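Single-structure report; data block below.
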Amino acid sequence: MEATALVSPIRLWSALEVLERPSPVPAAAGVYGWHFKQPPHSDLEAGRLLYVGIAPRYMANRTSTQNLRKRVRYHYRGNAAGSTLRLTLGCLLGLELRRVGSGKRMTFGKVGEATLSQWMADNARVCWIERSEPWDLESQLISQLDLPLNLDQNRHNAFHTRLKELRARARQQARELPISS
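Start counting at 1 in the sequence shown, then tack on 53, and there's your number in this note's numbering.
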């Protein structure tokens with residue numbers, strides 16, 4: 054089964070490996086899975102699959118232009134405004150979410166994002182499988198596996214309510230703070 058390649062992968066890739074050029078991550082459609090040497094929260098287990106994502110994302114009127122390489126690399130070095138995984142990890146790690154730019158986007162600011170990138174470099178490992186229409190497999194994995202860091206389609210997960218509340222609280226606090234430069 055395809056889930057085995059994500060749950061018990063033959064190989065996990067580090068930030069250093071993924072971000073080098075040429076990147077080992079294919080510029081193809083697929084599903085990626087995140088494992089953590091140290092979990093971002095004490096209620097989560099280390100060394101196991103905690104989150105899955107897809108590239109491209111299927112939308113009603115189009116399909117995004119993302120691929121595995123772009124998406125995985127962005128999770129390792131982007132910001133919380135463009136990565137729900139980074140938003141979740143930063144909130145779990147207690148980083149301060151802030152409004153930036155015009156005030157509509159929220160990130161952990163320069164220092165917070167750098168701290169998160171370093172934490173991910175130390176702890177996050179990724180694997181992937183190529184799949185031309187990854188959204189079908191993503192739904193199947195979320196319904197069948199214990200993936201506490203996934204929110205979408207995952208209300209049945211025991212960690213869902215807690216994570217949703219934590220993220221909502223971080224967003225509310227960010228709205229109460231001045232826009233960060």
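A virtual CB, placed ideally from N, CA and C, is assigned to each residue, including glycine. Please read these numbers as outputs of a predicted model, since none were measured by experiment.
Quick check: the Cα distance between residue i and residue j, rounded to an integer number of angstroms?
| i | j | result |
| --- | --- | --- |
| residue 138 | residue 128 | 7 Å |
| residue 143 | residue 173 | 10 Å |
| residue 216 | residue 81 | 30 Å |
| residue 184 | residue 157 | 33 Å |
| residue 202 | residue 124 | 17 Å |
| residue 102 | residue 208 | 18 Å |
| residue 163 | residue 57 | 37 Å |
Could you spell out the range, first to last residue, of the beta strand (DSSP E) harbouring residue i?
| i | result |
| --- | --- |
| residue 200 | It is not in any beta strand (DSSP E) - residue 200 carries neither H nor E in the DSSP assignment. |
What are the start and end residues of the alpha helix (DSSP H) that includes residue i?
| i | result |
| --- | --- |
| residue 209 | First-last for residue 209: undefined, no H or E at that position. |
| residue 55 | 55 to 60 |
| residue 69 | 68 to 72 |
Is any non-hydrogen atom of the ligand NAP found closer than 7 Å to the C-beta of residue i, if you look at the structure I gave you?
| i | result |
| --- | --- |
| residue 84 | As far as ligands go, the structure on display features none, and thus does not contain the ligand NAP. |
Bridge partners for residue i per DSSP, in chain order?
| i | result |
| --- | --- |
| residue 88 | 102 and 178 |
| residue 183 | 83 |
| residue 108 | 83 |
Out of the options, which has the shortest C-alpha to C-alpha gap to residue i?
| i | options | result |
| --- | --- | --- |
| residue 186 | 63, 64, 74 and 106 | 106 |
| residue 74 | 120, 85, 102 and 126 | 126 |
| residue 191 | 108, 68 and 98 | 108 |
message = For a minimum of 3 consecutive residues, which ranges assigned as the beta strand (DSSP E) are wholly contained in the region 118 to 163?
response = 151 to 153 and 158 to 160
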